[in-house]
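Novice: Below are the structure tokens for one structure; questions will follow.
There are 4 protein chains.
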Amino acid sequence: MIKIGVVGGTGYTGVELLRLLARHPEANLVAITSRGDAGMPVCDMFPSLRGRVDLRFVTPQDAALDRCDVVFFATPNGIAMQQARELVDAGVRLIDLAADFRIRDVAEWEKWYGMKHASPELVAEAVYGLPERNRERIRSARILANPGCYPTAVQLGFLPLVESGVVDLSHLIADVKSGVSGAGRKAEVHTLFAEAADNFKAYAVAGHRHLPEIRQGLEAMAGQGVGLTFVPHLTPMIRGIHATLYARLSTDVNVQKLFEERYQDELFVDVLPTGSHPETRSVRASNLCRVAVHRPHGSDVVVVLSVIDNLVKGAAGQAVQCMNIMFELDESLGLDIVPVSP
Amino acid sequence: MIKIGVVGGTGYTGVELLRLLARHPEANLVAITSRGDAGMPVCDMFPSLRGRVDLRFVTPQDAALDRCDVVFFATPNGIAMQQARELVDAGVRLIDLAADFRIRDVAEWEKWYGMKHASPELVAEAVYGLPERNRERIRSARILANPGCYPTAVQLGFLPLVESGVVDLSHLIADVKSGVSGAGRKAEVHTLFAEAADNFKAYAVAGHRHLPEIRQGLEAMAGQGVGLTFVPHLTPMIRGIHATLYARLSTDVNVQKLFEERYQDELFVDVLPTGSHPETRSVRASNLCRVAVHRPHGSDVVVVLSVIDNLVKGAAGQAVQCMNIMFELDESLGLDIVPVSP
Amino acid sequence: MIKIGVVGGTGYTGVELLRLLARHPEANLVAITSRGDAGMPVCDMFPSLRGRVDLRFVTPQDAALDRCDVVFFATPNGIAMQQARELVDAGVRLIDLAADFRIRDVAEWEKWYGMKHASPELVAEAVYGLPERNRERIRSARILANPGCYPTAVQLGFLPLVESGVVDLSHLIADVKSGVSGAGRKAEVHTLFAEAADNFKAYAVAGHRHLPEIRQGLEAMAGQGVGLTFVPHLTPMIRGIHATLYARLSTDVNVQKLFEERYQDELFVDVLPTGSHPETRSVRASNLCRVAVHRPHGSDVVVVLSVIDNLVKGAAGQAVQCMNIMFELDESLGLDIVPVSP
Amino acid sequence: MIKIGVVGGTGYTGVELLRLLARHPEANLVAITSRGDAGMPVCDMFPSLRGRVDLRFVTPQDAALDRCDVVFFATPNGIAMQQARELVDAGVRLIDLAADFRIRDVAEWEKWYGMKHASPELVAEAVYGLPERNRERIRSARILANPGCYPTAVQLGFLPLVESGVVDLSHLIADVKSGVSGAGRKAEVHTLFAEAADNFKAYAVAGHRHLPEIRQGLEAMAGQGVGLTFVPHLTPMIRGIHATLYARLSTDVNVQKLFEERYQDELFVDVLPTGSHPETRSVRASNLCRVAVHRPHGSDVVVVLSVIDNLVKGAAGQAVQCMNIMFELDESLGLDIVPVSP
């Protein structure tokens, strides 16, 4: 059994992580911290976990995280970087669901996240936890930077095209739609039900924090710079991301075959048959990414549709998948979930 | 392994049953029938099942249901009763998720369901599959009448009060709210998104088919007649039933203790602490019923709040729970699901 | 033209009031105050008003409210009572959309609202703005206490039964469902989209602030005490209240006729034909209340279904209706809105 | 007063047209036809219209449409073209909300709509009812082809860029999201609430009927061929279209100024300030189109965000706007609606 600590379990990625760990046969959840809610039973905050998680929130000091095998940070940005050095030195592996270790260029990170990085010397060794790209490096990671939700959907959608170099890399478009849980469990006006329901909008067209993360990932795949336009949108559903990706083919290629071959050994990426339109609910509550690839009217424009559950493959599920890899477990352990539909 | 057939797997109770059976360690799903869609892979209709259910729909004739151990009917009303005799005679046990065997009074059934009963002689031996009431009889049932969704939520909410005889039985009120999946996967105008979203309405105030089923259940608990007003409502959510139940206490009693004691050994009924308000999402995708009991302002009115997922405890999950009992398995096998929230 | 000031126009009742006043032919909106957002154009906060409301928010000091004919308070509870004396002395009439002047028993008010009343001497003269009960007194009101949303739906539903004395007044039940905008535009976790969508729950079963208001109204109609159980629920829609009301008839009476006669001269109360089920969307964005009355199975239980738009007849629309009455205008001026459906 | 007939008033564009005409000061609605529901009061089908529309549906034969000044067809595709000749010959003007007269190339129309055109000789004289392009020709139109919902949002978004020739016309992308009412009021499985809620999907990537209509419009603006990729999506809201449009600038130009100047005299197109993100609810129930234009990171990619209410500016509202133009009325008559938000 793996001794697990969770820092900051009061947000949506936190409760989702608890949902998954509660059924994981090798997970021994020993502590969940919350500064503000220490002492409260976890299931008082999240009644869905009644009977499944018996812990109370504890303060970080009481959590004895240094005796864990792995600690998940389901915190806002800027927390994990402050505690990483101490944990790593104590031999504890760290999985950060926030953004602290995602961007290799520290100055770039500091620009987008508006704060000074507390452990810049650890950034270089952190492994970006997209198993479909970095499985081998994840195995031995001490610090795992779990990808963002938008970056997961977009990278998995572009990956076969960009790795193989068959598209014009200077002009990629990612038009992405997210459910509202992607904005987190913070009390804010714009994500109130009466604001977000029966409504649709784009946001952050001028620049979203996930843009440099996606670009970094695509450039690593391409081995060169890429030009990317990324427009995120808020759609009135709880969970789910739908990425609609546009690129121009520079080489005539069977894109369906390209996708099928690239993902044939991937447990959690499902390439749909030609002509398909994946729905976000077809992956709801599961760790799957389903993708479909189109060439409308036989033109040189390729359209990729990529869907994930932002809280699972886009956050907690991918983190558990990475944990499984890091601890040499079956990669799908605890992730054997049939999507909930309708 | 139990050899299982499913008749009529193209509705919401059908796909939910498949979701549950796909992960049930003792379930060997051998055939799913659909007259209209025979030949189609199940996962073409339900992409959420891709990779989990490899069967194609077959015609009833091709299904060889008589070689199954148990056959689930996830059909419209009036189908199971036509095939029951043959299956029972072949030694196959039958679990009907529709209403054919729920009402013991055949004339009453025929009045509410508007058709002639095809196997009236089998009605008497059918067992009503509410484990919290009938666990012993379920064990040996050949024909299991799986309760309706409203009846499950209402009966589990009233049960401790009615069994113990502490309320005025002549004037019970059940004000119940259902998600739209309760209306099934039929193409109908009133359940279109643009009709049912951002909208709330009562329906069938003059009389709903679940009324006689609930009344029969309550009268069995009470050992006498009851007066019940039942008003169902449609609420804009996919899954979930919330029953708000009103009764007048005829005896002063600690209702919280009454509920806790009655349900202390029940795996799937969770009595919340005093003062709680269960949410439907706290049971989403799980087989749980969560209940809370109130006496506002210390008056003689007792208010019970009871929530279930209509497709699980209100349909497919309860059917699997009954199957587990019928086949002497651990009652929670395949039902070990942490509710999906948010 | 009536010179109008609005205090606190940044919540949902505020923006709804602006929507209505923007098209009211006799409304001359001269000032909208907001302490926090002074200086901001109103339509920067509410883009739906672009081109319709050109004002900026001003501080209360800059608003010169004492030169208005009427001032609406679309504020949290406890604000209007502080400014009422000064405005009334300046000859300005006041319409409070909050609760400061709704409860005649000041001690009772202070208990439920948890604060000391700042103008207890004005409470007695305030008129409760339910036109269907108090039209004559509204005409001359200096202080108008605009009813709450739940109280409007419940009182209009019970009114014909309680005024006529045909039901058992000791045991009335109001099971009421509200859209999420009823909770206001405050940033709170429980009304986030990801919390409130696809979910249903009761709340405040032990006691809700609207209970004493409803009881006071019903007792005024009855001329005696009443016993009321009131259970509010949150339903995943933006606008709308659906009240399901239960009472026992003590006299055999034609309830349909009773309702039709009582409301025959009311512009904004629509009694539906026998057997109807009003939907909340049938009144969306309008000032209508639609009601239907049932006697299921011919029993002595009468069930009333009453729907309103909580932001219109339950708040801003009723306030404008009262203003029209107070200023001797056509009662429907500015309220000539066809409900928006779907 | 204009004598108006409506053919096929039982769908969403029909009921929306009735909502608008009910308050139009020059509209004298004399007949609404429905083959299937003749005899039924309109407000029995649409309770939101109770008290506002007193007509009953009549058969086409009983409607005496030839005595109307104008007849709206709110029918499925293929109906208006059968009755057009007779009406036109009788001097009745015709506004078709369906697609019969939208595509000038009859062969192209027949390919996309899968039927033979019944009045090909009338296609040439039909005027495409986008006032922002064709106001002058609309004035004298005998047959008005009201634009589709997607085409309205996309064309108004691209118009200033394409008319002025500042973008690469060979590679335009329109990623468009529609509320579910766009699919109409037909009973179909995929638009059921339990299918479409909490879900997001693209559809018809291989080709949608609105593609040739949009392309025809853009080519008319450009005076040359254009390359367009159009991907429609279904989003879980009732009303609203959000078009996200991508193009590459071929000339460096102040796009904000370009849009503001082009639309400065348009009543129903609102160009938002730089940096804005229009929400669909900001136009809900109104005839407005709000657009914003971005150049992310100062690149050569221009992103246009364009929102409309699909049932108003995308259907019934635009039809009324065209009627106003055709009958020399104030263009905004009957369309003076403040958007309903929240």
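Protein chains in written order, with full-length UniProt numbering: chain A, 1 to 342; chain B, 1 to 342; chain C, 1 to 342; chain D, 1 to 342.
All C-beta atoms in this analysis are idealised placements derived from N, C-alpha and C, irrespective of residue type, glycine included.
In this text, all values refer to a predicted model and were calculated from it rather than measured experimentally.
#1: Using alpha carbons as the reference points, say which of B/SER48, B/PRO296, B/ALA63 and B/LEU245 lies closest to B/GLN155.
#2: Does the separation of the CB atoms of C/GLU279 and B/LYS201 fall below 8 Å?
#3: Within the 8 Å Cβ cut-off, does D/GLY317 reach chain C?
#4: Helix, strand or coil for C/LEU211 per DSSP?
#5: With 16 other CB atoms within 10 Å as the buried threshold, where does C/GLY129 fall?
#6: Between the alpha carbons of C/HIS24 and C/ALA31, how many angstroms are there, rounded?
#7: Please determine, among C/ALA315, C/ASP54, C/MET115 and C/SER341, the residue with the shortest C-alpha to C-alpha distance to D/ILE238.
#8: Would a check of beta-carbon distances place C/TYR12 closer than 8 Å to chain B?
#9: So, does the CB of B/ARG19 fall closer than 8 Å to a CB anywhere in chain A?
#10: In angstroms, rounded to a whole number, what distance separates the CA positions of B/VAL176 and B/ARG56?
#11: Could you check where the alpha helix (DSSP H) with D/ARG248 kicks off and where it finishes?
#12: Taking D/PRO296 as the query, report the chain A residues whose CB atoms sit under 7 Å from its CB, ordered along the chain.
#13: How would you label C/GLU213, buried or exposed, when you count the other beta carbons within 10 angstroms and need 16 or more for buried?
#14: Identify the continuous alpha helix (DSSP H) that holds D/THR152 and give its terminal residues.
#15: Here's the rule I'm using: 16 or more other beta-carbon atoms within 10 Å means buried, otherwise exposed. How should B/THR251 be labelled?
#16: How long is the line joining the alpha carbons of C/LEU49 and D/GLU260, rounded to whole angstroms?
#17: CB-CB under 6 Å to A/ALA294, same chain, minus the five flanking residues each way: which ones, in chain order?
#18: Please report the distance separating the alpha-carbon of C/GLU37 from that of A/VAL189.
#19: Applying a beta-carbon distance threshold of less than 9 Å, which residues of chain A neighbour C/ARG185?
#20: Check whether the Cβ atoms of C/SER306 and C/VAL320 lie closer than 8 Å to each other.
#21: Which residues of chain D have a Cβ atom closer than 8 Å to the Cβ of residue 352 of chain B, listed in chain order?
#22: Taking just the CA atoms, how far does D/VAL42 sit from C/LEU161?
#23: In chain C, what lies closer than 9 Å to B/PRO113 by C-beta?
#24: Using a Cβ-based criterion (distance less than 7 Å to any ligand heavy atom), does D/ASN134 qualify as near the ligand GTP?
#25: Would you say D/ILE214 lies against chain B (beta-carbon separation less than 8 Å)?
#26: Could you list the residues in the stretch 139-157 of chain A with a C-beta less than 9 Å from some C-beta on chain D, going in chain order?
#27: Just to confirm before moving on: does the CB-CB distance between B/CYS149 and B/ALA315 stay below 8 Å?
#28: Hey, could you find the ends of the beta strand (DSSP E) B/LEU228 is sitting in?
#29: I'd like to confirm the pairing. Which residues does DSSP put opposite A/ASP270 in its beta bridges?
#30: Does the stretch 63-79 of chain D come close enough to the stretch 89-97 of chain D to have 3 or more Cβ pairs within less than 8 Å?
#31: To the nearest angstrom, how far is the alpha carbon of C/ASN28 from that of B/ARG215?
#32: How about C/ASN310 and C/GLY179: are their beta carbons less than 8 Å apart?
#33: Of all the alpha helix (DSSP H) runs that stay within the bounds of the stretch 177-204 of chain C, which reach a length of 4 or more residues?
#34: Suppose you measure from the CA of D/ARG281 to the CA of D/THR75; what does that come to, to the nearest Å?
#35: With a threshold of 6 Å on Cβ separation, who are the neighbours of B/GLU16 within its own chain once the five nearest residues in sequence on each side are excluded?
#36: Return the residue from the list D/PRO296, D/ALA194, D/LEU192 and D/ARG284 that minimises the CA-CA distance to A/VAL205.
Specialist: Looking at the coordinates:
#1: Looking up residue 155 of chain B in the second sequence gives position 155. If we check each option's Cα against that of B/GLN155, B/LEU245 comes out closest.
#2: To locate residue 279 of chain C, count along the third sequence from 1; it is residue 279. To locate residue 201 of chain B, count along the second sequence from 1; it is residue 201. In contact: C/GLU279 and B/LYS201 (Cβ atoms closer than 8 Å).
#3: As a working note, residue 317 of chain D is residue 317 in the fourth sequence. Chain C, which has no Cβ nearer than 8 Å to the Cβ of D/GLY317, makes this no.
#4: Working through the third sequence from its first residue, we reach residue 211 of chain C at position 211. C/LEU211: helix per DSSP, three-state reduction.
#5: As a working note, residue 129 of chain C is residue 129 in the third sequence. Result: buried.
#6: Locating residue 24 of chain C in the third sequence gives position 24, counting from the first residue. Locating residue 31 of chain C in the third sequence gives position 31, counting from the first residue. C/HIS24 and C/ALA31: Cα-Cα distance of roughly 16 Å.
#7: One-based indexing of the fourth sequence puts residue 238 of chain D at position 238. Here the closest residue by C-alpha is C/SER341.
#8: Within the third sequence, residue 12 of chain C is the residue found at index 12, counting from 1. No, C/TYR12 does not count as interfacial toward chain B.
#9: As a working note, residue 19 of chain B is residue 19 in the second sequence. Yes, because at least one Cβ of chain A sits closer than 8 Å to the Cβ of B/ARG19.
#10: On the second sequence, residue 176 of chain B is found 176 positions in, with the first residue counted as 1. On the second sequence, residue 56 of chain B is found 56 positions in, with the first residue counted as 1. Distance between the alpha carbons of B/VAL176 and B/ARG56: 37 Å.
#11: Position 248 of the fourth sequence, counted from the start, is the residue given in the question as residue 248 of chain D. Looking at the DSSP string, D/ARG248 is not in any alpha helix (DSSP H); the run it does join, the beta strand (DSSP E), is 241-248.
#12: Translated into positions along the fourth sequence, residue 296 of chain D becomes position 296. Under the 7 Å cutoff, chain A gives VAL205, ALA206, GLY207 and THR229.
#13: Numbered from 1 along the third sequence, position 213 holds the residue referred to as residue 213 of chain C. Buried: at least 16 other Cβ atoms inside 10 Å.
#14: The sequence position of residue 152 of chain D within the fourth sequence is 152, counting from 1. First-last of the alpha helix (DSSP H) with D/THR152: 149-163.
#15: Residue 251 of chain B sits at position 251 when you count from the first residue of the second sequence. Flag for B/THR251 reads exposed.
#16: In the third sequence, residue 49 of chain C corresponds to position 49, counting from 1. In the fourth sequence, residue 260 of chain D corresponds to position 260, counting from 1. Between C/LEU49 and D/GLU260, the C-alpha separation is close to 19 Å.
#17: The sequence position of residue 294 of chain A within the first sequence is 294, counting from 1. Note that residue 294 of chain A corresponds to His in the displayed sequence, not to Ala. Around A/HIS294: VAL303.
#18: Mapped onto the third sequence, residue 37 of chain C falls at position 37. Mapped onto the first sequence, residue 189 of chain A falls at position 189. Checking the sequence, you will find Asp at residue 37 of chain C rather than Glu. Cα to Cα, the separation comes out at about 15 Å.
#19: Indexing the third sequence from 1 puts residue 185 of chain C at position 185. Result: VAL189, LEU192, ALA194 and GLU195.
#20: In the third sequence, counting from the first residue as 1, residue 306 of chain C sits at position 306. In the third sequence, counting from the first residue as 1, residue 320 of chain C sits at position 320. Taking 8 Å as the Cβ cut-off, C/SER306 and C/VAL320 do not qualify as a contacting pair.
#21: No answer is possible for residue 352 of chain B: the residues shown for chain B start at 1 and end at 342.
#22: Looking up residue 161 of chain C in the third sequence gives position 161. Looking up residue 42 of chain D in the fourth sequence gives position 42. Their Cα atoms are separated by approximately 30 Å.
#23: The residue labelled residue 113 of chain B in the question sits at position 113 within the second sequence. First, the residue type needs correcting, since residue 113 of chain B is Tyr and not Pro in the sequence shown. Chain C residues near B/TYR113: none, gap ~17 Å exceeds 9 Å.
#24: You won't find the ligand GTP in this model; it holds no ligand whatsoever.
#25: The sequence position of residue 214 of chain D within the fourth sequence is 214, counting from 1. Cβ-Cβ to chain B under 8 Å: no for D/ILE214.
#26: none
#27: Your numbering for residue 149 of chain B matches position 149 in the second sequence. Your numbering for residue 315 of chain B matches position 315 in the second sequence. Yes, the Cβ-Cβ distance between B/CYS149 and B/ALA315 is below 8 Å.
#28: Translated into the one-based positions of the second sequence, residue 228 of chain B becomes position 228. 228-234 is the extent of the beta strand (DSSP E) around B/LEU228.
#29: To locate residue 270 of chain A, count along the first sequence from 1; it is residue 270. DSSP output for A/ASP270 lists A/ARG290 as bridge partner(s).
#30: yes
#31: Taking the third sequence and counting its residues from 1, the one referred to as residue 28 of chain C is at position 28. Taking the second sequence and counting its residues from 1, the one referred to as residue 215 of chain B is at position 215. Computed Cα separation, rounded: 59 Å.
#32: Counted from its first residue, the third sequence places residue 310 of chain C at position 310. Counted from its first residue, the third sequence places residue 179 of chain C at position 179. It is a contact, given that the beta carbons lie within the stated cut-off.
#33: 193-196
#34: The count along the fourth sequence starts at 1 and reaches residue 281 of chain D at position 281. The count along the fourth sequence starts at 1 and reaches residue 75 of chain D at position 75. One C-alpha to the other measures close to 26 Å.
#35: Residue numbering aside, residue 16 of chain B sits at position 16 when the second sequence is read from its first letter. Closer than 6 Å at the Cβ level, and outside the excluded window around B/GLU16, lie LEU311 and ALA316.
#36: Here residue 205 of chain A corresponds to residue number 205 of the first sequence, with the count starting at 1. Nearest C-alpha to A/VAL205: D/PRO296.
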